[in-house]
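Right, one structure below, let's go through it.
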Amino acid sequence: MEKDKSHTHSFLHSIVKHFKFGSPKERNNEADVHQMAAQEQKIFAYETLTAATKNFSAIHKLGEGGFGPVYKGKLNDGREIAVKKLSHTSNQGKKEFMNEAKLLARVQHRNVVNLVGYCVYGTEKLLVYEYVAHESLDKLLFKSEKREELDWKRRVGIITGVAKGLLYLHEDSHNCIIHRDIKASNILLDEKWTPKIADFGMARLFPEDQTQVNTRVAGTNGYMAPEYVMHGNLSVKADVFSYGVLVLELITGQRNSSFNLDVDAQNLLDWAYKMFKKGKSLELVDSALASRMVAEEVAMCVRLGLLCTQGDPQLRPTMRRVVAMLSRKQGNMQEPTRPGIPGSRYRRPPRRHSALSSTLGTSGSDSSNNDNTTVTTSATGTSSATAETDPKGKRPMREA
Ligand SMILES: Nc1ncnc2c1ncn2[C@@H]1O[C@H](COP(=O)(O)OP(=O)(O)OP(=O)(O)O)[C@@H](O)[C@H]1O
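Each residue of the sequence shown is one higher than the last, beginning at 3 in the working numbering.
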């Protein structure tokens, strides 16, 4: 009888257990749901962030960019974070900021610096990012003592990782996110040299022409696509152009904005194009790479960088195509036409000629056809049509 009782008890227990907690698999699912719900807690209390950064102390300050200072912090659960205190220059209201930040916090990719959450406290707006341990790419690439650590394999890893991150932002996240400011200082590297794109979504948080920050963003910095600098046409192809500059910088170790090699070329893109045309792509390679580069990969990456920086945005590949080209490591890549010069008017060759020039390898960019019908998806709804240039090379700001 006693035995029966215990039998019945354990039988009932197992049924209750099953219904209450489910099978081990279901229990895991349940844990996932809880975890997901917890992760949805993207809003941080200001006190949590002051505690994490020891009251935004100077020792915790990582640096200061155009959007405001950044502090390192540690949450109670042990997670390391980087808190960006946005300067009070954005006119964006609290509600709009919260909406945008909520959307951006759902953007998660291994090649993007993930936004963990955000906080609004009085007039303060803060963004909370995952902390990325290593330095930013510009510090490594353009500081000669450290450059050698970036061997060819790591550089290819960065070229590929950034391409995947950008593809995700452009096509695979719920909204098309145009970064607008791809440059070496916005690529952070983790301890495994995985590149992570920082500062994505600033085009949404700081809509065009509402802040002083945009004057900085819109300024020529060696990465800006000519059609964006000149006409304010912001499309995914502007990011592709900046990506192409980055690729050529990684190959050569030369910063485009301060290019001063004693060669017959106006800038890095011009030099790369001339060398490519002479069949001397390998001579572009950073001397710090010595003999450890893989010739076919270098040739492919030079061609890729040039395809991405073509003057005509329509001729530039999409990031999806870039990722495909990188994964095949060869294939029938097109012949690049002349690169665009940031701040210059690009000229689109007639369609037929363009196709022909692609196959024949002649540059069509000198064509005088100026049928400026580039399809641009403006992340901010901005499309200034002014074509005047500012002597400082800044894109003219639209009249309010
Ligand atoms: N998620 C992060 N993890 C670790 N360090 C970070 C993170 N985000 C930013 N930093 C560091 O904080 C400093 C300031 O970064 P921020 O992105 O604001 O400006 P920047 O890249 O220096 O300039 P800009 O505003 O022109 O992009 C940089 O040194 C950067 O490396």
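Positions of the beta carbon are idealized from the N, C-alpha and C atoms, including for glycine. Quantities reported herein were computed from a predicted structural model and do not represent experimental measurements.
At least one heavy atom of ligand 1 is found less than 6 Å from the C-beta of Ala84. Glu66 is bridged by DSSP to Pro71. Distance between Phe99 and Gln268, taken at the CA atoms: about 41 Å. Burial is judged here by how many other beta carbons sit within 10 angstroms of a residue's own beta carbon; Cys121 has at least 16 and is buried. By the neighbour-count definition (other C-beta atoms within 10 Å, threshold 16), Leu284 is an exposed residue. Ile253 and Ile83 have their C-alpha atoms roughly 31 Å apart. The beta carbon of Ser138 sits closer than 6 Å to the beta carbons of Ser187, Leu190 from its chain, once the five residues preceding and following it are set aside; these are given in chain order.
Counting only residues whose CB is nearer than 5 Å to a non-hydrogen atom of ligand 1, the list in chain order is Leu64, Gly65, Gly67, Gly68, Val72, Ala84, Val115, Tyr131, Tyr133, Val134, Ser138, Ser187. For secondary structure counted as the beta strand (DSSP E) over 3 or more consecutive residues, the region 93 to 147 holds these complete runs in sequence order: 117 to 123, 126 to 132. With fewer than 16 neighbouring CB atoms inside 10 Å of its own CB, Gln110 falls in the exposed class. Taking the Cβ atoms as the reference, Trp195 lies roughly 36 Å from Gly234, outside the contact range of under 8 Å.
With a 10 Å radius around the Cβ and a threshold of 16 neighbouring Cβ atoms, Lys282 comes out exposed. By the neighbour-count criterion, in which 16 or more other beta carbons inside 10 Å mark a residue as buried, Leu248 falls on the buried side.
Within a 10 Å sphere around the beta-carbon of Ser175 sit 16 or more other beta-carbons, which makes this residue buried. Ranked by how close their Cα comes to the Cα of Leu317, the residues Leu328, Ala301, Gln336 have Gln336 in first place. Residue burial is scored here from C-beta neighbours: Ile179 has at least 16 other C-beta atoms within 10 angstroms and is therefore classed as buried.
In the three-state scheme derived from DSSP, where H, G and I count as helix and E and B as strand, Glu251 is classed as helix. Here the C-alpha atom of Gly307 lies approximately 39 Å from the C-alpha atom of Ile45.
At a Cβ-Cβ threshold of 7 Å, Thr162 and Gly246 do not count as neighbours. Secondary structure note for Val296: it is in no alpha helix (DSSP H), with a DSSP letter that is neither H nor E.
By the criterion of a C-beta distance shorter than 7 Å, Arg294 is surrounded in its chain by Asp153, Trp154, once the five residues flanking it on both sides are discounted.
In this structure, Gly119 is the residue among Gly119, Lys97, Met204, Trp273 with its C-alpha nearest to the C-alpha of Arg81. Between Ala301 and the set Asp241, Gly65, Arg182, Leu250, the nearest pair of CA atoms involves Leu250.
Annotated as distal: Asn113 and Lys185, with beta-carbon spacing of 7 Å or more. Under the 10 Å beta carbon count, Tyr123 is surrounded by fewer than 16 other beta carbons and is classified as exposed. At the C-beta level, Leu286 and Ala297 stay beyond 7 Å of one another.
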